[in-house]
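S.K.: Numbering (the UniProt record's numbering), first residue to last: 1 to 487. Yeah, the Cβ is synthetic: ideal placement off N, Cα and C, and Gly gets one too. The model shown is predicted, which means the values in this text are computed figures rather than measured ones.
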Ligand code: NAP
Ligand code: G3H
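This is the structure in structure tokens:
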């Protein structure tokens, strides 16, 4: 089992052209656990620009052959990778808990879900087909032209993943990219890179040929700009904050982007909602992994008629959440990823308190542990009404009716998901139709899965659509070969 580092045995290496390379410059980044005694869990190379070049070059070269490998053979590697991931469940869950402080149950379910994702990706790729389009359906053309449309890989895919799902949000980029015939360079979040490197090992052991999957470690603030503007990168699949995503879209040119960014998902509760169902979904949606999920419920918009009743039910559940160290016990609320993130959440809490929001639960902090916090009577002049905390704090905004709820929901810069709780199907459609988001959940918390559904954000929440088939399509392009029949 994984524990605090002693000696050099936990110095990780990068996968480059099928070899595990240490830092040439001798520079490493130390990864400390966000939980318990904050012990050192590993060190990763702080790659130099030259090392980055080597990783990307190896992907470029390998892709020339990989694109010609039959899809069924690429899929076989994915099936094997999924099996290995399941075999290594305990080891990887252990690292994940220590590296990013996720509780055991969520860590295990992330890994198993990733194995399912990889298998489903292989199945989907084998069942994709092209199309043939007759020319004569367009005015002025005869029956002598036919377009055969096949899919081509894009080349080298740069996959940049965030800290909060270090296996799943890396696997959900790597698997669709390589099954489509691309090679991949994975740059995991620094806090999360131990998991990312383990995942690379899984694909290597599954038989991914040298260079098809490569890794880069190093701080995004040091090498990020260099990687994303690298001339050999053909596609960028990024998940992370809106700030970094926006910067990448500003400094890159002529490189297609698939981006899943921040959110401020609203749970809209109407007067005819099942309030018990709404309350349990809202609490699970807002506080799991301490709210460090893009799709966490990040605000409640409840109509006045049922607000008091809903607030009471939500409060009761939040008070029961268990806070602690996931290595020691089964807990709902874990310490945040670092002190800086906790400082930010604390700022939002302080400001809401100062401006007169009614603190119902929490409002307590111990280092990077923020206790589950619930505010009622949050108003739209408070930062908490608009900003994404990525922490366990939930604002309740009372509204007069569904239209005011829609108006406030849509005023957000974000547009990832929203929930609407109502037992009236007409009301559900009324609200869903007007919300500016990628997904509306009717009578459920906001969430990404099942992973073959389309998942996308509008406005500041992203560009393009993920989801198994959608991701394969995003990382390949249609190619038309036109047959002209000479009669
Ligand atoms: P982040 O700080 O934006 O980091 C994301 C990734 O970008 C990391 O690998 C990071 O590397 C890298 N990076 C940083 N600066 C870069 C640069 N200049 N160029 C290229 N890459 C750079 O986000 P996070 O804190 O890991 O994750 C939390 C955020 O992600 C939240 O806003 C959340 O909503 C969002 N998120 C969205 C989704 C979604 O599907 N919509 C899913 C998960 C998370 P370093 O770690 O080395 O800095
Ligand atoms: O953090 C963002 C993830 O994509 C959310 O996935 O809804 O399954 O927690 P989830």
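Which one of 349, 144 and 296 has the shortest CA to CA distance from residue 487?
M.R.: The residue with the shortest Cα to Cα distance from residue 487 is 144.
S.K.: Just how far apart, CA to CA, sit residue 426 and residue 46?
M.R.: For residue 426 and residue 46, the distance between alpha carbons rounds to 55 Å.
S.K.: Which of the three DSSP states is assigned to residue 474 in this structure?
M.R.: Helix.
S.K.: Which first and last residues belong to the alpha helix (DSSP H) in which residue 280 is found?
M.R.: That run of the alpha helix (DSSP H) goes 275–287.
S.K.: Which residues in the same chain have their Cβ closer than 6 Å to the Cβ of residue 8, if we skip the five residues on either side of it in sequence?
M.R.: Any answer about residue 8 is weak, because its pLDDT of 42 lies below 50 and its placement is not dependable; what the coordinates show is given next. So the list is empty, once near-sequence residues are dropped.
S.K.: For residue 218, which three-state DSSP category applies?
M.R.: Coil.
S.K.: So, at 7 Å on beta carbons, what are the nonlocal neighbours of residue 513 in its own chain, with the 5 sequence-adjacent residues on each side left out?
M.R.: Nothing can be reported for residue 513: it is not among the residues displayed for the chain, which extend from 1 to 487.
S.K.: Per DSSP, what are the beta-bridge partners of residue 417 in this structure?
M.R.: Its beta-bridge partners are 439.
S.K.: With hydrogens ignored, establish whether the beta-carbon of residue 449 is closer than 7 Å to any heavy atom of the ligand G3H.
M.R.: Yes, the Cβ of residue 449 comes within 7 Å of a heavy atom of the ligand G3H.
S.K.: Less than 8 Å between the C-beta atoms of residue 211 and residue 18, yes or no?
M.R.: Against a cut-off of 8 Å, the Cβ pair of residue 18 and residue 211 comes out as a contact.
S.K.: Pairing CB atoms from the stretch 132–142 with CB atoms from the stretch 431–438, are three or more of them under 8 Å?
M.R.: No contact exists between the stretch 132–142 and the stretch 431–438.
S.K.: So does the stretch 335–352 actually touch the stretch 296–312, counting three or more Cβ pairs closer than 8 Å?
M.R.: As far as the Cβ criterion goes, the stretch 335–352 does not touch the stretch 296–312, which means the pair count is below three.
S.K.: Using only the alpha-carbon positions, how far apart do residue 92 and residue 176 sit?
M.R.: Those two C-alpha atoms are separated by around 22 Å.
S.K.: Using a Cβ-Cβ cutoff of less than 7 Å, which residues in the same chain neighbour residue 448 once the five nearest sequence positions on both sides are dropped?
M.R.: Excluding residues within five positions, the ones whose Cβ falls inside 7 Å are 295 and 455.
S.K.: At a threshold of 7 Å, does residue 248 count as lining the ligand NAP (C-beta to nearest heavy atom)?
M.R.: Because some heavy atom of the ligand NAP lies under 7 Å away, the Cβ of residue 248 counts as near it: yes.
S.K.: With a threshold of 16 other CB atoms inside 10 Å of the CB of residue 356, please say whether the residue is buried or exposed.
M.R.: Answer is exposed; the Cβ neighbour count stays below 16.
S.K.: Give the range of the beta strand (DSSP E) segment to which residue 373 is assigned.
M.R.: Residues 373–376.
S.K.: Roughly how many angstroms separate the alpha carbons of residue 206 and residue 459, rounded to a whole number?
M.R.: Their Cα atoms are separated by approximately 38 Å.
S.K.: From residue 372 to residue 314, what distance separates their C-alpha atoms?
M.R.: The alpha-carbon atoms of residue 372 and residue 314 are separated by roughly 12 Å.
S.K.: If you drop the 5 nearest sequence neighbours on each side, which residues of the same chain put their C-beta closer than 6 Å to that of residue 384?
M.R.: Hits under 6 Å: 348, 352, 378 and 395.
S.K.: So for residue 388, helix, strand or coil by DSSP?
M.R.: Here residue 388 sits in coil by DSSP.
S.K.: What does a CB cutoff of less than 6 Å around residue 271 pick up in its chain, not counting 5 residues either side in sequence?
M.R.: For residue 271, where only same-chain residues beyond five positions count, the Cβ hits under 6 Å are 303, 305 and 306.
S.K.: Quick one: does the C-beta of residue 169 sit closer than 7 Å to a heavy atom of the ligand G3H?
M.R.: Yes.
S.K.: Measuring CA to CA, which of 161, 113, 86 and 71 is closest to residue 123?
M.R.: Measuring from the Cα of residue 123, the nearest candidate turns out to be 71.
S.K.: Tell me the DSSP bridge mates of residue 361?
M.R.: In the DSSP output, where bridge partners are listed per residue, residue 361 has 374.
S.K.: Can the beta-carbon of residue 285 be found less than 8 Å from the beta-carbon of residue 105?
M.R.: Going by C-beta atoms, residue 285 is not nearer than 8 Å to residue 105.
S.K.: Express the C-alpha separation of residue 419 and residue 491 in angstroms, rounding to a whole number.
M.R.: Nothing about residue 491 can be reported from this structure: the residues present for the chain run from 1 to 487 only.
S.K.: Leaving out five residues on either side along the sequence, give the residues of the same chain with a beta carbon under 7 Å from the beta carbon of residue 470.
M.R.: The answer, listed in chain order, is 454.
S.K.: Using only the heavy atoms of the ligand G3H, determine whether one of them is closer than 7 Å to the beta carbon of residue 293.
M.R.: Correct: residue 293 has its Cβ closer than 7 Å to the ligand G3H.
S.K.: Excluding sequence positions up to five away, which residues of its chain have a Cβ less than 6 Å from the Cβ of residue 25?
M.R.: Correct list, in chain order: 48.
S.K.: Use the C-beta contact count for residue 150: other C-beta atoms within 10 angstroms, 16 or more gives buried, fewer gives exposed.
M.R.: Exposed is the call here.
S.K.: What does DSSP give as the partner residue(s) for residue 454 in the beta ladder?
M.R.: Per DSSP, none; premise fails for residue 454.
S.K.: Could you have a look at residue 151 and say whether DSSP puts it in helix, strand or coil?
M.R.: Correct three-state label for residue 151: strand.
S.K.: Across which residues does DSSP place residue 459 in a beta bridge pair?
M.R.: Answer by DSSP bridge pairing, in chain order: 414.
S.K.: Apart from the five residues just before and just after residue 485, which ones in its own chain have a Cβ nearer than 7 Å to its Cβ?
M.R.: So the list reads 144, once near-sequence residues are dropped.
S.K.: State yes or no: is the beta carbon of residue 434 nearer than 8 Å to at least one beta carbon in chain C?
M.R.: In the structure shown, chain C cannot be found, because there is only a single protein chain.
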